[in-house]
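Comments concern the structure below.
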Amino acid sequence: MFIDTHCHLSKEYYDDIDLVVEENKKTGISKMIVSGCDKESILESMLFASKYSDVYLTIGYHPSEADVICEKDLILLENQLNNEKVIGIGEIGLDYHYGKENMEKQKELFRYQLDLASRISMPVVIHSRDATLDTINILKEYPNVKGIIHCFSGSLETANIYISMGYKLGIGGVLTFKNSNLFKVVQGVGLDNIVLETDAPYLTPEPFRGKTNSSKYISVIADRVAELLNVSVEEVSDITTKNTLDLFDLI
Ligand code: NI
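Every letter in the sequence shown is one number past the one before it in the working numbering, and letter 204, counting from 1, is 1035.
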């Protein structure tokens, strides 16, 4: 059984959510951790979490929201964190790929949510794009916060810095792309430091690229990890599941 540590479930992407959740269960997904990362998706994913026992949530404001978030939105987030299905804050972080002009606002929102995580001892899910140095420096300000570096795609050196700070790497469909060097990272850090994720509906693994991604494809990523580390798929499943359960304090 696998846990998809990061996916987006929304009627915007899937016609029939019941069917998607049912299909995922049949293909060996024991838990889906859905990321609600703006006001609409937070509220929508809360509904799914109350309806499906296998759906858990991380909620938080993505850096792309930095310009639009107001006090009221932060209160909404804080209130929803009390829900028993919410197990982490994310995805939060920095994205300089799409926006460098509001760096300071992004940093402010990031620090606000890290501070929240620190105060209530919740793990975080980090989105970092073209912003590695600032991400590392800001995370260092919160040494008691742990979590996942979502969709990790950096170097082995960067991976080891995050790992030394107590973070796990979220490994997904990128691992199956021909032009990706992520295989070197997976081989370098080993099973103990990774968790599996799809980021569905995005980043569909090969050979299904072009189709809408879904948690059911996590086995494709697990197969590739097993092949790279020369271990069985069961071992990949057991250890990545344990890493996830430990991090989020789940059973
Ligand atoms: Ni995501």
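Glycine included, each C-beta is placed from N, C-alpha and C at the ideal position.
Computed from a predicted structure; not experimentally measured.
Between residue i and the ligand NI, is there a pair consisting of the residue's CB and a ligand heavy atom that are separated by less than 7 Å?
i: GLU922; result: yes
i: HIS981; result: yes
i: SER959; result: no
i: SER866; result: yes
i: ASP1030; result: yes
Just to confirm, is the Cβ distance from residue i to residue j under 8 Å?
i: ASN855; j: ASP898; result: no
i: SER1068; j: PHE833; result: yes
i: ILE920; j: LEU947; result: yes
i: LEU888; j: VAL917; result: yes
i: ASP835; j: GLU1028; result: yes
i: VAL956; j: ALA990; result: no
i: PHE1008; j: GLU1037; result: yes
i: TYR998; j: ASP961; result: no
i: ASN1079; j: PRO954; result: Checking the sequence shown, residue 1079 turns out to be Phe, not Asn. Cβ atoms of PHE1079 and PRO954: closer than 8 Å.
Just to check my reading of the structure: residue i and residue j have Cβ atoms closer than 8 Å, yes? What is that Cβ distance to the nearest angstrom?
i: SER1046; j: CYS838; result: 5 Å
i: LYS870; j: LEU907; result: 7 Å
i: ILE860; j: ILE979; result: Actually they do not touch by this definition, with Cβ atoms about 17 Å apart.
i: HIS893; j: GLU922; result: 6 Å
i: TYR929; j: SER895; result: 6 Å
i: LYS857; j: ASP885; result: At roughly 12 Å, the Cβ-Cβ gap does not stay under 8 Å, so LYS857 and ASP885 are not in contact.
So is residue i buried or exposed if we call it buried at 16+ other beta carbons inside 10 Å?
i: CYS901; result: exposed
i: THR1043; result: exposed
i: TYR883; result: buried
i: ASP1093; result: Since the displayed the chain opens at 832 and closes at 1082, residue 1093 lies outside it and no answer follows.
i: ASN1074; result: buried
i: ILE1070; result: buried
i: SER952; result: exposed
i: LEU1013; result: buried
i: ASP1085; result: A query on residue 1085 cannot be resolved here, the shown segment of the chain reaching from 832 to 1082 and no further.
i: LYS842; result: exposed
i: ASP846; result: exposed
i: ILE873; result: buried
i: ILE1052; result: buried
Following a CB-centred definition, is residue i positioned closer than 7 Å to any heavy atom of the ligand GTP?
i: HIS837; result: Looking for the ligand GTP in the displayed structure turns up nothing; the ligands present are the ligand NI.
Please determine, among the options, the residue with the shortest C-alpha to C-alpha distance to residue i.
i: ILE969; options: ARG960, SER895 and GLY924; result: GLY924
i: GLU915; options: TYR927, GLN944 and SER881; result: SER881
i: GLU909; options: GLN937, LEU945 and GLU988; result: LEU945
i: ALA1057; options: ARG1040, LEU1078 and ILE1002; result: ILE1002
i: GLU939; options: GLU972, PRO1038, VAL851 and VAL1062; result: GLU972
i: LEU1022; options: ASN1010, LEU1000 and PRO1038; result: LEU1000
i: THR963; options: ASP849, HIS981 and ASN975; result: HIS981
i: VAL1064; options: ASP1054, THR1071, LYS1073 and THR1072; result: ASP1054
i: ASN1061; options: GLN1018, ASP1030, ASP1077 and ILE1052; result: GLN1018
i: VAL865; options: ASP1080, LEU840 and ASP1077; result: LEU840
i: ARG942; options: VAL886, ILE890 and THR966; result: THR966
i: GLY867; options: PRO1032, GLY891, ILE848 and ASP846; result: GLY891
i: VAL1005; options: ILE1082, TYR993 and THR1035; result: THR1035
i: CYS1016; options: THR1072, SER986 and PHE1039; result: Per the sequence presented here, residue 1016 reads as Val, with Cys not at that position. Out of THR1072, SER986 and PHE1039, SER986 has the C-alpha closest to the C-alpha of VAL1016.
i: ILE992; options: ASN1012, PHE1014, LYS936 and ASN1024; result: ASN1024
i: SER949; options: ILE873, LYS977 and GLU935; result: LYS977
i: VAL1026; options: GLU935, GLU1066, LYS931 and TYR844; result: GLU1066
With a cut-off of 8 Å, does the C-beta of residue i fall near any C-beta of chain B?
i: ARG960; result: Any reference to chain B falls outside this structure, which holds one protein chain only.
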